[in-house]
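**Student:**
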Amino acid sequence: MFSLNGSSFTNNSLSGVSRCLTQSSRRGVSGPMVVVAAVNSNGKPGDRNVSVLVENSMKESAAAPVEKEIKSTVTGGVGDVYGEDSATEDQSITPWTLSVASGYSLLRNPHYNKGLAFSEKERDSHYLRGLLPPVVVNHDLQVKKMMNNLRQYEVPLQRYIAMMDIQEMNERLYYKLLMDNVEELLPIVYTPTVGEACQKYGSIFRRPQGLFISLKEKGKINEVLKNWPERKIQVIVVTDGERILGLGDLGCQGMGIPVGKLSLYTALGGIRPSACLPITIDVGTNNEDLLNDEFYIGLRQRRARGQEYAELFDEFMYAVKQNYGEKVLIQFEDFANHNAFDLLAKYGTSHLVFNDDIQGTASVVLAGLMAALQLVGGTLSEHTFLFLGAGEAGTGIAELIALEMSKQTGIPLEETRKKIWMLDSKGLIVNSRMESLQHFKRPWAHDHEPVKDLVNAVKSIKPTVLIGSSGAGRTFTKEVVQAMATFNEKPIIFALSNPTSQSECTAEEAYTWSEGRAIFASGSPFAPVEYNGKIYASGQANNAYIFPGFGLGLIISGAIRVHDDMLLAASEALAEQVSQENFEKGLIYPPFTNIRKISANIAAKVAAKAYELGLATRLPEPANLVAYAESCMYSPAYRSYR
Ligand SMILES: NC(=O)C1=CN([C@@H]2O[C@H](COP(=O)(O)OP(=O)(O)OC[C@H]3O[C@@H](n4cnc5c(N)ncnc54)[C@H](OP(=O)(O)O)[C@@H]3O)[C@@H](O)[C@H]2O)C=CC1
Ligand SMILES: CC(=O)C(=O)O
Ligand SMILES: [Mg+2]
1 MFSLNGSSFT NNSLSGVSRC LTQSSRRGVS GPMVVVAAVN SNGKPGDRNV
51 SVLVENSMKE SAAAPVEKEI KSTVTGGVGD VYGEDSATED QSITPWTLSV
101 ASGYSLLRNP HYNKGLAFSE KERDSHYLRG LLPPVVVNHD LQVKKMMNNL
151 RQYEVPLQRY IAMMDIQEMN ERLYYKLLMD NVEELLPIVY TPTVGEACQK
201 YGSIFRRPQG LFISLKEKGK INEVLKNWPE RKIQVIVVTD GERILGLGDL
251 GCQGMGIPVG KLSLYTALGG IRPSACLPIT IDVGTNNEDL LNDEFYIGLR
301 QRRARGQEYA ELFDEFMYAV KQNYGEKVLI QFEDFANHNA FDLLAKYGTS
351 HLVFNDDIQG TASVVLAGLM AALQLVGGTL SEHTFLFLGA GEAGTGIAEL
401 IALEMSKQTG IPLEETRKKI WMLDSKGLIV NSRMESLQHF KRPWAHDHEP
451 VKDLVNAVKS IKPTVLIGSS GAGRTFTKEV VQAMATFNEK PIIFALSNPT
501 SQSECTAEEA YTWSEGRAIF ASGSPFAPVE YNGKIYASGQ ANNAYIFPGF
551 GLGLIISGAI RVHDDMLLAA SEALAEQVSQ ENFEKGLIYP PFTNIRKISA
601 NIAAKVAAKA YELGLATRLP EPANLVAYAE SCMYSPAYRS YR
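The sequence shown runs 1 to 642 under UniProt numbering.
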């Protein structure tokens, strides 16, 4: 029997599981260390301290101000997140401890498992003899085998399930697979397949991924966050599932999106997987099909709104800051627009928040436009823009374009906005509709007679750029694309809506109907198209180009707030990565195969802007930010275990 943090253990209680080390003996061990909640001699988890007041979670960060009084019995110091150091004797604490994973548990630990790649020496020193067949294979061969296996599945959803299984089994294999085969696997772990996965999440559910915070957890969110096995969180992607891609309200099953986005944070942006936390806030769903689906995994109630929603969210936001400090990046994803704009405005001054749908999408589209100008000529302010869809994506993009025009020309924002027109489900947004418009649409109401449909709006406005951000599939009809092609030599057409089923038009339609003249990009990928004997490859205008590098830039600079100028910097960085060879193929985005280099460049420009704006806290500023960003990136290469 030996003692661990005051709890008694028999050697027997640990056999076949982790072999735990005491605080003093764990120093000097460089084996696979896992954090576990210690188990007492009765084999039951120790009590949790549910009311710990903490000021900051990150040891390296300065104490964050406590902005909201939370009932407390323990006042932990900086870094004393779990109240371990300062609890009095009558108070219970969370008995977290470190252990060295070995044997059977090592093979079942996705962070450290290497499968058949464990060396002979590791098999000896980590009690793996007999638990693996004799062969030792390398990482590359594992990737080759897994790709062969994945390609056997013809149904994309089966590939998605297989990828999730790999992620749950061997994390480094999952990320190497994804990074080495990014163009092939992005459509599986991301749009379009992730959309179908969310729709069927309940049926395909195997092991939970991410953290589920529902109305049931109200008053206990601090405690729920402590259940997550990692403490040093740098990026959270959170959704409430109300607007999942263009598929509407998928409630709790929206979890596929934060999980997928964070896979990209790691694979494309180099953020450590253990620093990423996917979260779904479950306040119910108004999706009747899901409410009646026996396999639905969420709360079976209609959505909470108003004060109930606001209180839960407030508790969540403060608990996040208390647990992970003020430099944790919180990415809002796929909220319905009636919450998205308000949440961004509300927490934008107190937290490091970023709305991917509003801001990330804006940045990626502006980058595509900057690149497209190389092909069509003219400056941004010489173009005229028409959007189908005036929600988060549409108005977010429009605002960033107007801001960039204003910066380039010195013309006030109110004036540059006049070059941008928008349609919603009720038609063109015009001044006569002002009273009934949601606040985020009002800046886009201009003088014009009412126009009900897109084709007439196109004919009247004569835009040079047409952007689809409606979530409504096949709305760029032949008549619409042909109209664009009558008054534009090279019409710029973005069909941003996801997944593929919601795309405003296909690549084939855009090229065929414009007689091969369109500069086309879409939110979900399309295969190259042959038209009149020529191959047309289209780009993927998806915020996946931006958020991984953008987030990396915030993290490496220790930024405390997001600023619009950082979005502009990210757009410039991305546009600069489009090569002459890409332009010659008609591409306005670089291929995803170079994404890590692209992300490092975006991160460097975003970080530089954070330093320039005085929003960076990691000092001094590195001399070469691109090299620094690259050096900070996670690599999925296997580590040797002693
Ligand atoms: N490619 C990318 O990187 C991204 C793509 N998207 C995609 O953009 C789409 C929209 O997202 P988001 O802006 O957040 O959604 P919102 O719900 O905020 O906005 C949708 C807008 O489209 C309008 N709309 C819907 N149907 C029609 C129609 N048939 N005709 C005209 N207007 C219509 C709505 O009108 P009304 O206001 O009247 O209801 C609303 O203004 C989604 O499919 C999403 O996947 C989003 C983010 C990033
Ligand atoms: C890409 C993305 O964020 C969306 O479609 O919502
Ligand atoms: Mg989104």
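Backbone N, C-alpha and C define an ideal beta-carbon position, used for all residues, glycine too.
As the structure is a prediction and not an experimental result, all values here were calculated from the model.
Distance, Cα to Cα, serine 635 vs glutamine 209?
**Tutor:** Each residue's alpha carbon lies about 22 Å from the other.
**Student:** Can you find the residues in the same chain that come closer than 7 Å, C-beta to C-beta, to valine 137, ignoring five residues on each side of it along the sequence?
**Tutor:** Hits under 7 Å: Leu116, Ala117.
**Student:** Kindly provide the chain-ordered list of residues whose Cβ lies closer than 6 Å to any non-hydrogen atom of ligand 3.
**Tutor:** Those residues, listed in chain order, are Glu333, Asp334, Asp356, Asp357.
**Student:** Would you say asparagine 542 touches ligand 2, meaning its beta carbon is less than 6 Å from a heavy atom?
**Tutor:** Under cutoff, so the answer is yes.
**Student:** Flag serine 497 as yes when its Cβ comes closer than 6 Å to any non-hydrogen atom of ligand 1, and as no otherwise.
**Tutor:** Yes, ligand 1 has a heavy atom inside 6 Å of this Cβ.
**Student:** Checking the sheet assignment: what are the DSSP bridge partners for methionine 422?
**Tutor:** Per DSSP, Phe387.
**Student:** Identify the continuous beta strand (DSSP E) that holds aspartate 165 and give its terminal residues.
**Tutor:** No beta strand (DSSP E) holds aspartate 165; the alpha helix (DSSP H) holding it covers 156-169.
**Student:** Quick check: does the Cβ of leucine 245 come within less than 6 Å of any heavy atom belonging to ligand 2?
**Tutor:** For ligand 2, at least one heavy atom lies less than 6 Å from the Cβ of leucine 245.
**Student:** Apart from the five residues just before and just after glycine 396, which ones in its own chain have a Cβ nearer than 8 Å to its Cβ?
**Tutor:** Excluding residues within five positions, the ones whose Cβ falls inside 8 Å are Asn355, Asp357, Ile358, Gln359, Thr361, Ala362.
**Student:** Going by beta carbon distance, what residues of the same chain come within less than 8 Å of tyrosine 638, once the five residues before and after it are set aside?
**Tutor:** Counting only Cβ-Cβ distances below 8 Å, and skipping sequence neighbours, we find Lys114, Ala117, His139, Arg172.
**Student:** Run through DSSP, which three-state label would lysine 534 get?
**Tutor:** Strand, per DSSP.
**Student:** Under 7 Å between the Cβ atoms of glutamate 479 and valine 451?
**Tutor:** No, they are not a contact pair.
**Student:** Compare the Cα-Cα distances from leucine 150 to each of Phe592, Arg129, Leu185, Leu141 and report the closest residue.
**Tutor:** For the residues Phe592, Arg129, Leu185, Leu141, the minimum Cα distance to leucine 150 belongs to Leu185.
**Student:** Determine the closest residue to proline 278 out of Leu98, Glu333, Ile535, Phe313, with distance taken between C-alpha atoms.
**Tutor:** Measuring from the Cα of proline 278, the nearest candidate turns out to be Glu333.
**Student:** Ignore the nearest five residues each way along the sequence and tell me which others in valine 194's own chain have a CB closer than 6 Å to its CB.
**Tutor:** Within the same chain, valine 194 has close Cβ partners Gly256, Gly260.
**Student:** Ordered along the chain, which non-local residues of its own chain (more than five positions away) have a Cβ less than 7 Å from that of glycine 468?
**Tutor:** Contacts found: Leu388, Gly389, Thr475, Phe476, Phe494, Ala495, Leu496, Ser497, Glu504.
**Student:** Give every residue of the same chain whose Cβ lies closer than 6 Å to the Cβ of isoleucine 555, excluding the five residues on either side of it in the sequence, and list them in chain order.
**Tutor:** The answer, listed in chain order, is Gln234.
**Student:** DSSP beta-bridge partners for glutamine 540?
**Tutor:** Answer is Ser522.
**Student:** Find out if the Cβ-Cβ distance for the pair serine 557, arginine 618 is shorter than 7 Å.
**Tutor:** Cβ distance < 7 Å, so serine 557 and arginine 618 count as in contact.
**Student:** Who are the near neighbours of serine 15 in its chain, counting only those whose CB is closer than 6 Å to its CB and skipping five residues on each side?
**Tutor:** Model confidence at serine 15 stands at a pLDDT of 32, short of 50, so the residue's coordinates are unreliable; what they give is reported in the following sentence. So the list is empty, once near-sequence residues are dropped.
**Student:** To the nearest angstrom, report how far apart proline 499 and arginine 129 are at their CA atoms.
**Tutor:** Cα to Cα, proline 499 sits roughly 46 Å from arginine 129.
**Student:** To the nearest angstrom, how far is the alpha carbon of leucine 211 from that of glutamate 230?
**Tutor:** Rounded to whole angstroms, leucine 211 to glutamate 230 spans 12 Å at the Cα level.
**Student:** Are the CB atoms of serine 381 and threonine 349 nearer to each other than 7 Å?
**Tutor:** In this structure, threonine 349 does not lie closer than 7 Å to serine 381 by Cβ.
**Student:** Measuring from the CB of serine 263, is there a heavy atom of ligand 1 at a distance below 6 Å?
**Tutor:** No, the beta carbon of serine 263 sits no closer than 6 Å to any heavy atom of ligand 1.
**Student:** Let me know the secondary structure DSSP gives cysteine 276 once reduced to three states.
**Tutor:** Reduced to three states, the DSSP call for cysteine 276 is strand.
**Student:** If you reduce the DSSP assignment to three classes, tell me which class phenylalanine 332 lands in.
**Tutor:** Here phenylalanine 332 sits in strand by DSSP.
**Student:** Between the C-alpha atoms of tyrosine 641 and valine 100, what's the straight-line distance to the nearest angstrom?
**Tutor:** About 10 Å.
**Student:** So, do the region 369-381 and the region 326-343 have three or more beta carbon pairs nearer to each other than 8 Å?
**Tutor:** With a cut-off of 8 Å, the region 326-343 and the region 369-381 do not count as touching, because too few Cβ pairs lie within range.
**Student:** On the three-pair Cβ rule with 8 Å, is the region 597-616 touching the region 545-553?
**Tutor:** Counting Cβ pairs under 8 Å, three or more are found: they touch.
**Student:** Could you say which of Ile429, His383, Lys407, Arg159 lies nearest to glycine 394 if we only look at CA atoms?
**Tutor:** Out of Ile429, His383, Lys407, Arg159, Ile429 has the C-alpha closest to the C-alpha of glycine 394.
**Student:** Could you pull out every residue in the same chain whose Cβ sits closer than 8 Å to the Cβ of glutamate 576, ignoring the five residues on either side in sequence?
**Tutor:** Asn601.
**Student:** Using only the heavy atoms of ligand 1, determine whether one of them is closer than 6 Å to the beta carbon of leucine 388.
**Tutor:** Under cutoff, so the answer is yes.
**Student:** Helix, strand or coil for asparagine 148? Go by DSSP, reduced to three states.
**Tutor:** If DSSP states are grouped into helix, strand and coil, asparagine 148 belongs with the helices.
**Student:** Kindly indicate which three-state DSSP category isoleucine 358 falls into: helix, strand or coil?
**Tutor:** Reduced to three states, the DSSP call for isoleucine 358 is helix.
**Student:** When the Cα atoms are used, what is the spatial distance from serine 425 to isoleucine 281?
**Tutor:** Roughly 28 Å separates the two Cα atoms.
**Student:** Is the distance from the Cβ of leucine 615 to the Cβ of isoleucine 535 below 7 Å?
**Tutor:** No, the pair does not count as a contact, with Cβ atoms beyond the cut-off.
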